[in-house]
Amino acid sequence: MIDDRTDWRPTTASTGLVVFVTLLTATVLVRAIGVAVPAALGGAGAVALALAVWTAGWKRHQTLGTVLTSLLALPIGLGVVAATVGTVIVLAGVLFPVESLSRLPATVVDLSARAMVVVGAAAAVFGASVAIGHVLDRDTARRTAEASLKTTIPPLGVGLVLVASEALRYLEATRDAPGVGAVLGDVLRTTTTIVFEPPAVRPSVTTFLLLVAATFLVVRRTVGALPLTELTTEPAVERAVASARSWLLRAAVLAGFGVPVGFFTDYVFPPERLQSVVTPPVFDLLVAVTTAPPARRLAWRVIVVCVATLVAVALLRRTAQTSADRIGAAVAPFAAGSGVLVAAALVAGPVLSAARGWVAATLPGEFGPQFRELSGSVVDFYGPVPIVLTGVGFVLLVAAVVAMCLWLVLLTKYLDDRTAGVGIASAALFEVAAFAGVVGVPTALLFGSLVAAVLVWDVGEFGTTLGEEIGQRADTRRTELVHTTGTLAVGGVGVAVAVAVTDAAVGAVTVADGAVVAGLVVAVVGLLALLVALR
264 MIDDRTDWRP TTASTGLVVF VTLLTATVLV RAIGVAVPAA LGGAGAVALA LAVWTAGWKR
324 HQTLGTVLTS LLALPIGLGV VAATVGTVIV LAGVLFPVES LSRLPATVVD LSARAMVVVG
384 AAAAVFGASV AIGHVLDRDT ARRTAEASLK TTIPPLGVGL VLVASEALRY LEATRDAPGV
444 GAVLGDVLRT TTTIVFEPPA VRPSVTTFLL LVAATFLVVR RTVGALPLTE LTTEPAVERA
504 VASARSWLLR AAVLAGFGVP VGFFTDYVFP PERLQSVVTP PVFDLLVAVT TAPPARRLAW
564 RVIVVCVATL VAVALLRRTA QTSADRIGAA VAPFAAGSGV LVAAALVAGP VLSAARGWVA
624 ATLPGEFGPQ FRELSGSVVD FYGPVPIVLT GVGFVLLVAA VVAMCLWLVL LTKYLDDRTA
684 GVGIASAALF EVAAFAGVVG VPTALLFGSL VAAVLVWDVG EFGTTLGEEI GQRADTRRTE
744 LVHTTGTLAV GGVGVAVAVA VTDAAVGAVT VADGAVVAGL VVAVVGLLAL LVALR
């Protein structure tokens with residue numbers, strides 16, 4: 264037996280048969296339910312996920328592999344969204360409106376079953392794809408999830424900030440917002456007035472001194488974080504830095520001590536009395552200095568710049584302590600996400616217009632025009648760029664969630680690393696066959712699909728065992744052919760018996776075709792589950 268996992272692969276013949284049977288069965292069942300385009304996009308996303316898992320496992324070229332994994336997150340997310348949301352939209356346009364309300368439950372079940380067939384077919388394609396290179400394990404799934412999640416941060420973060428900014432700007436500017444929006448608008452207007460634009464009718468010493476103290480403290484921390492003393496050996500520079508930090512601390516403490524005094528001048532003393540105490544010229548100067556919006560905005564911008572500088576310095580110090588390849592692997596997902604952000608912003612208008620037009624044209628009846636009108640209002644309010652960036656961010660997040668779920672399934676050992684690909688393909692084909700039976704595909708095709716699922720699992724595991732024992736390059740085609748023929752013979756006899764029982768049951772009892780088929784499917788799945796447990 265070959266001990267090193269990197270020195271063996273499942274046999275070529277078994278892997279080729281697994282891929283062929285999986286693709287053939289998934290294609291036939293998807294064509295039988297009449298949803299081609301979303302299924303094709305979902306299959307493309309499944310192949311992209313398999314490629315991402317493969318590139319995530321590159322050890323010698325870790326940075327390049329991370330870049331490719333990060334870039335593949337977008338087609339993965341698009342494929343998942345197409346296979347789920349896209350399928351539902353297409354089927355809604357075909358199956359709705361219903362003739363009567365009594366047909367609504369059956370139509371909803373039909374739509375859900377067809378959508379699950381597409382999802383299962385995409386999962387089967389993914390399982391067959393990763394089985395080709397035997398690349399799926401807990402480590403590669405974890406790396407894929409991490410890279411996809413990091414890639415999500417730039418577009419989703421910027422998109423949400425832009426959307427939230429537009430919403431907050433609207434709430435601050437209008438007094439007609441209903442419910443909670445009105446309260447939030449009042450809070451925003453009050454906060455903006457107090458912090459940035461206090462009325463110039465009396466001094467606003469409290470908030471002014473708080474801003475000054477915060478500015479001095481943040482600047483002091485930034486001066487200390489900058490590598491000024493490391494860049495030079497001059498004692499004068501070290502003394503200047505220490506002196507500057509000391510004076511900044513004293514200024515911040517002094518401003519802090521003035522806050523209680525400012526509280527009394529702002530909220531306790533009436534303006535007229537304060538003016539008479541400090542004389543009108545001093546009062547006017549105090550009002551002009553403490554309520555000047557430019558000074559307050561300058562303090563706020565200094566704080567933001569200093570915080571950004573502190574974050575950048577912390578990241579640089581951390582990366583400077585790691586190897587170049589690790590630095591590249593750590594930075595690559597964020598760089599890829601930033602590239603996706605820029606590209607999405609450049610094509611936001613045409614992409615959003617095309618997506619809105621397709622959805623409006625596909626939805627049934629009056630839903631299309633209503634969607635076009637509602638989405639047009641949203642686009643006019645937020646603009647295309649925030650909407651597209653947020654949408655792209657959520658698509659990337661979907662890819663990250665899918666990879667994370669895959670990693671969790673492997674981590675909990677519901678799937679074995681050695682047969683993860685064929686296990687996913689086989690289970691997905693079972694799921695496709697079960698939901699295809701609900702839709703009403705021919706009985707022979709249904710049970711043939713179940714046999715195909717068993718064949719994929721059995722042949723894949725057999726080829727994996729042979730690869731472990733004697734290696735991938737050994738001549739094992741004759742042995743694999745005999746094993747596959749035996750599995751097909753047993754499956755064919757089972758299908759013949761099941762079809763005969765189905766025909767006899769339908770003629771003998773007053774039960775609908777679908778109920779008999781569903782019962783037989785459940786029985787076959789239960790029997791196979793028992794065999795798996797015994798094995």
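The opening residue of the sequence shown carries number 264 in the numbering used here; numbering runs sequentially from there. By construction, the Cβ of each residue, glycine as well, lies at the ideal position given by its N, Cα and C atoms.
Where does the unbroken alpha helix (DSSP H) through Y530 begin, and where does it stop? Where Y530 is concerned, the enclosing alpha helix (DSSP H) stretches over P498 to Y530.
Alpha helix (DSSP H) containing A283: first to last residue? Here the sequence assigns Phe to residue 283, which means Ala is not the residue at that position. Its alpha helix (DSSP H) spans residues T275 to I296.
Boundaries (first-last residue) of the alpha helix (DSSP H) holding Y677: That residue, Y677, is in no alpha helix (DSSP H); it is neither H nor E in DSSP.
Between the segment 381-395 and the segment 339-351, can you find at least three pairs of beta-carbon atoms closer than 8 Å? yes
Identify every run of the alpha helix (DSSP H) within the segment 327-390, keeping only runs that are complete inside it and at least 4 residues long; order them along the chain. 350-358
Is E629 helix, strand or coil by DSSP? E629: coil per DSSP, three-state reduction.
Please look up how many angstroms separate the CB atoms of G723 and V281, rounded, as I've assumed it's under 8 Å. 5 Å
Reducing DSSP to helix, strand and coil, say where P557 ends up. Judged by DSSP in its simplified three-state form, P557 adopts helix.
Using a Cβ-Cβ cut-off of 6 Å (strictly less than) and excluding sequence neighbours within five positions of A488, which residues of its own chain qualify? L573 and V576
Using 9 Å as the threshold, is the C-beta distance between I296 and A696 below it? no
Relative to the C-alpha of P301, which candidate in A752, A355 and T318 has its C-alpha closest? A355
Can you tell me which of A607, V603 and L472 puts its alpha carbon nearest to the alpha carbon of V651? Checking every option, the nearest Cα to that of V651 belongs to A607.
L718 classed as buried or exposed, judged by whether at least 16 other C-beta atoms fall within 10 angstroms: buried
Just the Cα atoms here: how many angstroms apart are T278 and V655? 35 Å
Helix, strand or coil for W321 per DSSP? coil
Is R401 helix, strand or coil by DSSP? helix
Out of curiosity, what's the CA-to-CA distance linking W563 and T485? 15 Å
Are the Cβ atoms of G631 and V622 separated by less than 9 Å? Going by beta carbons, G631 and V622 fall inside the 9 Å limit.
Under 6 Å Cβ to Cβ from G309, same chain only, skipping five residues before and after it: list those, please. This sequence places Ala at residue 309; Gly is not what is there. Excluding positions up to five away in sequence, the list reads A385, V388 and F389.
Classify T572 as helix, strand or coil using the three-state DSSP reduction. Note: T572 maps to helix in three-state DSSP.
What span of residues does the alpha helix (DSSP H) with F693 cover, start to end? Looking at the DSSP string, the run of the alpha helix (DSSP H) that includes F693 is A683 to V702.
Given that a residue counts as buried once 16 or more other Cβ atoms are within 10 Å of its Cβ, and exposed if not, what is D529? buried
So, using beta-carbon positions, are L751 and T739 closer together than 9 Å? no
Just the C-alpha distance for T274 and H397, rounded to the nearest angstrom, thanks. 10 Å
Let's see if you can read the secondary structure: which residues bound the alpha helix (DSSP H) around E732? T706 to I733
Grab the span of the alpha helix (DSSP H) containing P484 for me, first residue to last. A small fix is needed here, since residue 484 is Arg in this sequence, not Pro. Per DSSP, R484 belongs to the alpha helix (DSSP H) from V468 to A488.
Measuring alpha carbon to alpha carbon, tell me which residue in A716, D373 and A611 is nearest G422. A611
Output the boundary residues of the alpha helix (DSSP H) element that contains P461. Careful: P461 lies outside any alpha helix (DSSP H) and carries neither H nor E.
Between A592, V760 and R432, which lies nearest to R323 when the distance is taken from Cα to Cα? A592
Inter-residue spacing [alpha-carbon to alpha-carbon] between G519 and V482: 15 Å
Quick one: what's got a C-beta closer than 7 Å to V475's C-beta in the same chain, skipping five residues either side? Here V475 has A518 and A562 as same chain residues with Cβ atoms under 7 Å from its own Cβ, once five neighbours each way along the sequence are excluded.
Assign D721 to one of two classes, buried (16 or more other C-beta atoms within 10 Å of its C-beta) or exposed (fewer than that). buried
Put V426 into one of helix, strand or coil per three-state DSSP. helix
Can you tell me the Cα-Cα spacing of D266 and I733, whole angstroms? Interpretation of D266 is limited by its pLDDT of 42, a score under 50 that renders its predicted location unreliable; no figure is taken from the coordinates.
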